[in-house]
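Structure first, then comments.
2 protein chains.
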Amino acid sequence: MTPVRRGQWQTASDVLAQVSRQPSITRAAVARALRLSTGSATEVTARLRDVRLLTEAPAPSQGRGRPTTLLRAHPQGPVALALDLRQGSWRSAIVTLDGSFQDHQSKRHRSRRPQVVISNLQREVGRAHQVYGARLRVVSLAAPGTIRDNRLMQAPTLGWAELDLETVTAGTGLRLFAGNDATLSGVAEARTGAAAGAGTALHLIIEVGIGGTLLIDGVPAQGASGAGGEYGHMALGDRTRICPCGARGCWDLEIDGRALARHLKEAAPDDPYAYTEAVLQRTDRTARRAVVKVVAALASGIAGLVNAHDPDVITLGGLAIPLRAAAESTFEDAYLDGLMTFHRTAPPPVLSATHQPDGPLRGAAALALDHLTSEPAIAAWVAEH
Amino acid sequence: MTPVRRGQWQTASDVLAQVSRQPSITRAAVARALRLSTGSATEVTARLRDVRLLTEAPAPSQGRGRPTTLLRAHPQGPVALALDLRQGSWRSAIVTLDGSFQDHQSKRHRSRRPQVVISNLQREVGRAHQVYGARLRVVSLAAPGTIRDNRLMQAPTLGWAELDLETVTAGTGLRLFAGNDATLSGVAEARTGAAAGAGTALHLIIEVGIGGTLLIDGVPAQGASGAGGEYGHMALGDRTRICPCGARGCWDLEIDGRALARHLKEAAPDDPYAYTEAVLQRTDRTARRAVVKVVAALASGIAGLVNAHDPDVITLGGLAIPLRAAAESTFEDAYLDGLMTFHRTAPPPVLSATHQPDGPLRGAAALALDHLTSEPAIAAWVAEH
DNA sequence: CCAATTAAACTCGTTCTACGAGCATAAGGT
DNA sequence: ACCTTATGCTCGTAGAACGAGTTTAATTGG
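If you're matching them up, the sequences are chains D and E in order.
If you're matching positions, the first sequence starts at 1 in our numbering and goes up one per residue.
If you're matching positions, the second sequence starts at 1001 in our numbering and goes up one per residue.
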């Protein structure tokens, strides 16, 4: 029997991780990045070719010297299915080892009943399973709600009760990675978006309430059961207000359409997202004043999180971007005002997310690829070939 | 020339990490924990003995079977110097690879002037350098203040201005790891204290204000420049109050002696720590009421952090322990009240820190050992022998 | 158009870690 | 005394990665 040596596919795994993070990276670039000798590079790529994980294509020559090759996913290599469940629609894509999407599609929900939506997802998993067979290794799913150990605990946007998401892959034997959509869009930003390369990044996204995640070297701090990142439920607001989450004074209630409606003395909106967009269109002074209050609450909350976590960069998504844009100077003032003095000389930049609508799907794909490129997954794949 | 193979001392490093975390662990236990074959265990320990990193001593027999050996630090092996700078005193200890302390001492400051204190630390480093020579590899320092890239940015407890801590090891060529005392005591808890084994742990300590850290697998989330963990400077409090840190509404101002004094309508205390202890002694209703308010602010803030980070466990240190004990039911109520509903069925336990006065020094030692047991450090040590 | 230059790939012998299988050893139990 | 059990030791084997030397495929410049 072949001895399964500790670290047997270590370098191979590192190479694949590089490839998945920087699609169409060259072999020479990988070798440089991992400080591999040319001999080792030759050997490891040959091995990866043999087991149908990578293929090589001649790279366009870049000046003098022997041209290098582009590392691509093998046409018979392993794939993952990434799913993004949204309020009004869902998306799916097959991801290959080089991080590229195939069969990318987006469909509207005909019914929003959990059973219907989940069975649509199941059907998609089943289809991918049929088309790709043993090449399909793992399914990852982004969902708009609090997720704990692959269970959807609360999803106010969808209006769903607690729900086991494992049913999506039930019967296929495929491993599922379910994650919060805000968390996963944070992963996308930290890997290939506005926070790329940051050691510590904070991602915040406003839709209904605020969600987000702290990312350390591109890895989200998901907590004990994966339910981390509910920054909207810290008591940064008015303690007399009760949040649907069960707690009081939640930040959530200060920074979205519900807060705008309160400031405008209007009834609580059914769809706080659309309501916020509508208020942002208005130019009257009352509306502007409401927006300013919300933006100040957003910025000072962010400042507190900067004090707490000292990130290299903060990325904003969803309504946080237009909100901030609508009151740029308010944002800046409240942000600086909330920072500890020593942070003020070089405050971490607050950037707009670059992956906008694709964030959750990209992030889900990234986590799936982390799994595909892990040593055990490679070893398992090799054992089958 | 010997090829420096990737992962050359990988297993050796793993073994040393085990030894440093569980002093007087047996060789057989290490082999089991790392899933090493007996052959590999024999080989790796022999290698570590050869390079003077470990020694073996016969272990007391534990029932049937051939008795195993205890792995101990080699008497000529590498050591680290751990320092803990406090308000009224400082401590030092030499740490060996098995995590045990030698030359543990504690001295009061004669003067608290930065120059005097720092030169005392320098002298201690110099002494250790003379006594241990090339065996001394690294110095780690815990300090009560915000630390960024080995600079002390603000230290309200000490009353010091910004200060470069690198001077402590200047001239010796030794690498310094400086860290916030609350962060380091969190490391101690997560490694060998009340949060041992927790994947995600939150440590909070009240002295003057509140400090702490989020720990993921025992590693503190220190942020971009190491200044992370300032949870006391999130705006959980009254926005009209200005904090010495420069921000407003800081949680800090709600949970220590300053808050108690406000509630009691007394003047802001010079020494909020001692003041808190004094108020905790009092049994009159006014004092009790003030304590209750502070405890509620503490507990609901903690609940918000639980929502945000979903830790397995929270550990409390410093005055947080007697404060909570003084109003146990208030704490419990406010804690549960601030949690999102789904957390309430099994809220993460809030435990008292077990390392109490030694926390920062233990944590500093732990981080120093992380460095000593790292592959590059081992390779460097081996190259010299 | 043919060197010269350059960067990268390939070949090969070597080193080193870790493995597994089998054997040896030191305790407790009968 | 002999069995059982847990552990340590020996040894042959395999795989990964290295370095040095060689080859290859591009650009550049005469």
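Cβ atoms here follow ideal geometry from the backbone N, Cα and C, with glycine treated the same way.
Since the model is a prediction, treat every value here as computed from it, not as a measurement.
- Around the C-beta of H309 (chain D), 16 or more other C-beta atoms lie within 10 Å, and the residue is accordingly described as buried.
- Annotation: the continuous alpha helix (DSSP H) that includes T1183 (chain E) extends over 1181 to 1192.
- Per the coordinates, the alpha-carbon of D1098 (chain E) lies some 9 angstroms from the alpha-carbon of Q1018 (chain E).
- For A1267 (chain E) against R1248 (chain E), the beta-carbon gap comes to about 21 angstroms, at or over 8 angstroms, which does not count as contact.
- Residue burial is scored here from C-beta neighbours: Q1281 (chain E) has fewer than 16 other C-beta atoms within 10 angstroms and is therefore classed as exposed.
- Among the CB atoms of chain D, none fall inside 9 angstroms of the CB of D1256 (chain E).
- I1321 (chain E) has a beta carbon lying at 9 angstroms or more from every beta carbon in chain D.
- Under the Cβ criterion of 9 angstroms, G1179 (chain E) is not counted among the residues facing chain D.
- Residues of the same chain with a CB within less than 7 angstroms of the CB of G232 (chain D), apart from the 5 flanking positions on each side, are G209, I210, G211, C250, W251, D252 in chain order.
- The contact set of H1309 (chain E) on chain D, defined by CB atoms closer than 7 angstroms, consists of A221, G223, G228 in chain order.
- In the pairwise beta carbon analysis, the segment 333 to 351 of chain D is classified as not touching the segment 216 to 229 of chain D: fewer than three pairs are separated by under 8 angstroms.
- Residue burial is scored here from C-beta neighbours: V131 (chain D) has fewer than 16 other C-beta atoms within 10 angstroms and is therefore classed as exposed.
- With contact defined as three or more Cβ pairs closer than 8 angstroms, the segment 118 to 127 of chain D and the segment 45 to 64 of chain D are not in contact.
- Apart from sequence neighbours up to five positions away, the residues of its chain that approach L367 (chain D) with a beta-carbon distance below 8 angstroms are S140, F177, G179, L184, V187, ordered along the chain.
- Comparing alpha carbon positions, the residue from D:A259, D:Y273, D:V30 closest to R289 (chain D) is D:A259.
- If you ignore the 5 residues before and after P1244 (chain E), its C-beta comes within less than 8 angstroms of the C-beta of P1156, all in its own chain and listed in chain order.
- Inter-segment contact for the segment 1121 to 1129 of chain E and the segment 1083 to 1103 of chain E is present: three or more beta-carbon pairs are separated by less than 8 angstroms.
- Distance between T276 (chain D) and A33 (chain D), taken at the CA atoms: about 45 angstroms.
- Beta-bridge partners of E1207 (chain E) (DSSP): E:G1209.
- A residue is called buried when at least 16 other Cβ atoms come within 10 angstroms of its Cβ; H203 (chain D) meets this threshold and is buried.
- Our two residues, V1015 (chain E) and S1374 (chain E), have alpha carbons roughly 11 angstroms apart in a direct line.
- Under a 10 Å Cβ-count criterion, Q1105 (chain E) is classified as exposed, with fewer than 16 other Cβ atoms of the shown protein chains found around its own Cβ.
- Between the beta-carbon of T1200 (chain E) and that of P1349 (chain E) there is about 13 angstroms, and that puts the pair past the 8 angstroms contact cut.
- Counting along the chain, L372 (chain D) sits inside the alpha helix (DSSP H) bounded by residues 359 to 372.
- The alpha carbon of A12 (chain D) has as its nearest neighbour, out of D:E328, D:V44, D:A143, D:L351, the alpha carbon of D:V44.
- Listed by position along chain D, the residues whose Cβ is nearer than 7 angstroms to that of T1045 (chain E) form an empty set, because the closest Cβ is around 16 angstroms away.
- Exclusion of the five residues before and after P1357 (chain E) leaves no residue of its chain whose Cβ lies closer than 8 angstroms to its Cβ.
- P348 (chain D) belongs to the set of residues whose beta carbon lies under 9 angstroms from a beta carbon in chain E.
- Within its own chain, the residues whose Cβ lies closer than 7 angstroms to the Cβ of L152 (chain D), once the five positions on either side in sequence are excluded, are A143, G145, W160, E162, L163, L165, listed in chain order.
- Residue-level contact check: G338 (chain D) touches chain E, since one or more beta carbons of chain E fall below 9 angstroms from its beta carbon.
- Here A190 (chain D) is not near T354 (chain D), since their CB atoms are 9 angstroms or more apart.
- Less than 9 angstroms separates the beta-carbon of T1069 (chain E) from that of A1057 (chain E).
- Close to A303 (chain D), with beta-carbon spacing below 8 angstroms, are these residues of chain E in chain order: A1235, A1247.
- Contact between A364 (chain D) and A82 (chain D) holds: their C-beta atoms lie close to 4 angstroms from each other, under 8 angstroms.
- In terms of Cα proximity to T169 (chain D), the closest of D:Q8, D:D370, D:L136 is D:L136.
- With respect to L1298 (chain E), A1320 (chain E) sits close: the two C-beta atoms are nearer than 9 angstroms.
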